[in-house]
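Student:
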Amino acid sequence: MGKFLYLAYMRRPVLHAGAGELVYEIREIVKKAHLFQKMGLEIFWENIGDPVQKGTPIPQWMKDIVAGLAQDSLSYGYCQTKGVPETRQFLAKRNNDLGGTQITAEDILFCNGLGDAISKVYQYLDPGARVLGPSPGYSTHSSAEGGHASQPPITYRLIPENHWYPDMEELRNKVKYNPSIVGILIINPDNPTGMVYPEWYLREIVSIAKEYDLFIVADEIYTNITYNGVKAIPLAQVIGDVCGIAMKGISKELPWPGSRCGWLEFYNTKRDPEFGRLVKAIEDSKMMEVCSTTLPQMAIPPILSHPEFPKHREALNLAIQKRGDVVYETLKDVPGLLVNKTFGAFYTTILFKKGVLNSTQKLHVANPDARTLVESMVQSVNLDKRFVYYVLAATGICVVPISSFCSDLMGFRVTLLEENPEKNLWVYQKLRSAITEYLAS
Ligand SMILES: Cc1ncc(COP(=O)(O)O)c(C=O)c1O
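In this text, residue positions in the sequence shown follow the numbering used here: the first is 26, and each later residue adds one.
1) Do N15 and Y222 have their C-beta atoms within less than 7 angstroms of each other?
2) Starting from the Cα of N383, find the closest Cα among A257, L408, G171 and L398 and give me that residue.
3) Do you know how far the Cα of R228 is from the Cα of N249?
4) Suppose only complete runs of 4+ residues qualify. What are the alpha helix (DSSP H) ranges in the segment 164 to 199, listed by chain order?
5) Run the CB neighbour count on L442, radius 10 Å, all protein chains shown included, and call it buried at 16 or more, exposed below.
6) So G274 packs on G283, CB below 8 angstroms; how close in whole Å?
7) Which parts of the segment 95 to 168 are runs of the alpha helix (DSSP H), unbroken and 4 residues or longer, counting only runs that do not cross its ends?
8) Ends of the beta strand (DSSP E) at I273?
9) Can you tell which of Q262, E290 and L40 has its C-alpha closest to the C-alpha of A142?
10) I need the DSSP call for M26, collapsed to helix, strand or coil.
11) Please list, in chain order, all residues of the same chain as V381 whose beta carbon is under 7 angstroms from its beta carbon, the five residues on each side excluded.
12) Quick check: what's the CA-CA separation for D470 versus T440?
13) If you drop the 5 nearest sequence neighbours on each side, which residues of the same chain put their C-beta closer than 7 angstroms to that of I422?
14) What does the Cβ neighbour count give for V231, buried or exposed, with the cut at 16 atoms within 10 Å?
15) Between the Cα of E400 and the Cα atoms of K57, I51, K145 and F29, which residue gives the shortest distance?
16) Please state the DSSP three-state secondary structure of F61.
17) Could you compute how far the alpha carbon of M26 sits from the alpha carbon of A44?
18) For L450, which residues of its own chain have a beta-carbon under 8 angstroms away from its beta-carbon, when the five flanking residues on both sides are left out?
19) With a CB to CB cut of under 6 angstroms and the five nearest residues on each side skipped, what residues in its chain are close to L139?
20) Compare the C-alpha of S429 against each of K336, H166 and E333 and name the closest.
21) Quick check on DSSP: helix, strand or coil for V315?
22) What beta strand (DSSP E) runs, 3 residues minimum, are completely inside the segment 361 to 445?
23) Using the Cα positions of V424 and R296, report the straight-line distance between them to the nearest angstrom.
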């Protein structure tokens, strides 16, 4: 006898209207890749933004610092709600030494990674108050922003034909004609494009914020990951007396993503009572959780001021630059593609030119199970997802479709973290052949 499942219904709908905005395709693609892996395919994880998982070595001196802190009983306790005071003082001084907008330790709030910080910043905004963000853009921001408003995100374009710099005319017009916009988000250096904002663009954004009484949010988690002769300019250096929030962390820079440790720096909180109230609500929400992870906060001053740290970061940046050059040189002349050089973070976005993709293109998939699976997956998906799934099934190379980054462009994002240079070159040569075959099919 079969069993019957009697469905019950909650007395009223229980889901927040914004829940539909919560999509994180960067991880969704991993689930798909695991299905192919189970069928015997070797997967090349060019989607992963975790340097540790990709084999970035953690220097012994850094491990020694963390091991030493584990001997200190205080590292097992709660810390102050805003974070370990000595660390906040250390970070406030680092900011102030830049000579821009000054802060104190009280203007810093530690969170459990920037993921936590991002959801707090948008969660306490009035549902009708919107933050204009980049497209393409890191989807944790766009999902959290769209989720708080129960509306699709409002975006400004990053222009691929102009080094991915923002479309300033569009940005200004959206602010001017949409009074619900209260803030502008920048991600600098940018995920997923690898673009670093030149000073002129930052100053323009600050002047728009000043003219229309907005605040600026700058996600600066990659601020010290730059190369090819470019440096990122922190928000504090250009913001003057405009209200703003910089988001910083150690996930990518040390790297230590498993620490779940990042922080918010609030600029000019006393300039505008409304902004001051938002900052207080964000701080109060952390108070309800007591505090964020203690030991990683204690590790920040000794690690960042260690004499080996600048050399360590410089070597990692140079390695990212070299991998970026391989991707650029291997793919830049492929007909139908638009590829930019990368200057920061560890991602590159490869675009398909308008009209080159269609819904009949495919790749030869040798594994019959993988062929059946991919054919079922590509029913009614975006054209760039179709490409990404075919590449995965045919070559095992796992990349993320750019339509997953709050964008209607067609393309994909790759990470620049493969430790083995021969494997890195092989992957992109293989990808080049796959793209050529796909576009010709
Ligand atoms: C732009 C950006 N901000 C924030 C995060 C999340 O960082 P965390 O590990 O501190 O949560 C990421 C992670 O990929 C990111 O790319």
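Here a beta-carbon is modelled for each residue, glycine too, at the ideal position from N, C-alpha and C.
Tutor: Inspection of the coordinates gives the following:
1) A question about residue 15 goes unanswered here, because the residues of the chain that appear run from 26 up to 466.
2) Numbered from 1 along the sequence shown, position 358 holds the residue referred to as residue 383. Ranking A257, L408, G171 and L398 by Cα distance to N383 puts L408 first.
3) Taking the sequence shown and counting its residues from 1, one reaches residue 249 at position 224. Taking the sequence shown and counting its residues from 1, one reaches residue 228 at position 203. Their Cα atoms are separated by approximately 20 angstroms.
4) 164 to 174
5) Sequence index remark: in the sequence shown, residue 442 carries index 417 (1-based). So L442 counts as buried.
6) Residue mapping note: residue 274 aligns to position 249 of the sequence shown, counting from 1. Residue mapping note: residue 283 aligns to position 258 of the sequence shown, counting from 1. Not quite, the Cβ-Cβ distance comes to about 12 angstroms (not below 8 angstroms), so this is no contact.
7) The segment 95 to 168 contains these whole alpha helix (DSSP H) runs: 110 to 122 and 138 to 148.
8) To locate residue 273, count along the sequence shown from 1; it is residue 248. Checking the sequence, you will find Lys at residue 273 rather than Ile. Its beta strand (DSSP E) spans residues G269 to G274.
9) Translated into positions along the sequence shown, residue 142 becomes position 117. Measuring from the Cα of A142, the nearest candidate turns out to be E290.
10) For the purposes of this step, residue 26 is taken as residue 1 along the sequence shown, with counting starting at 1. With a pLDDT of only 49 at M26, under 50, the local geometry of the prediction cannot be trusted, and no value is derived from it.
11) Stepping through the sequence shown from its first residue, residue 381 is reached at position 356. Counting only Cβ-Cβ distances below 7 angstroms, and skipping sequence neighbours, we find G361 and L464.
12) With the chain running from 26 to 466 in the structure shown, residue 470 is simply not present.
13) Position 397 of the sequence shown holds residue 422. Here the set comprises F69, E71, V416, V452, K455 and L456.
14) If you number the sequence shown from 1, residue 231 lands on position 206. V231 comes out buried.
15) Translated into the one-based positions of the sequence shown, residue 400 becomes position 375. Closest option to E400, Cα to Cα, is K57.
16) Within the sequence shown, residue 61 is the residue found at index 36, counting from 1. The answer is helix: DSSP assigns F61 an H, G or I state.
17) The residue given as residue 26 occupies position 1 in the sequence shown. The residue given as residue 44 occupies position 19 in the sequence shown. Confidence at M26 is low in this model, with a pLDDT of 49, below 50, so the placement of that residue should be treated as unreliable; the coordinate-derived value is given next. C-alpha separation (whole angstroms): 38 angstroms.
18) Position 425 of the sequence shown, counting from 1, holds the residue named residue 450. Taken in chain order, the residues that qualify are V351 and T355.
19) Translated into the one-based positions of the sequence shown, residue 139 becomes position 114. Closer than 6 angstroms at Cβ, skipping near neighbours: I246, M272, G274 and G287.
20) By one-based count along the sequence shown, residue 429 stands at place 404. Answer by Cα proximity: H166.
21) Walking along the sequence shown from the start, residue 315 turns up at place 290. V315: coil per DSSP, three-state reduction.
22) 362 to 364, 372 to 377 and 436 to 440
23) Along the sequence shown, read from residue 1 onward, the residue named residue 424 stands at position 399. Along the sequence shown, read from residue 1 onward, the residue named residue 296 stands at position 271. So the alpha carbons of these two residues sit roughly 44 angstroms apart.
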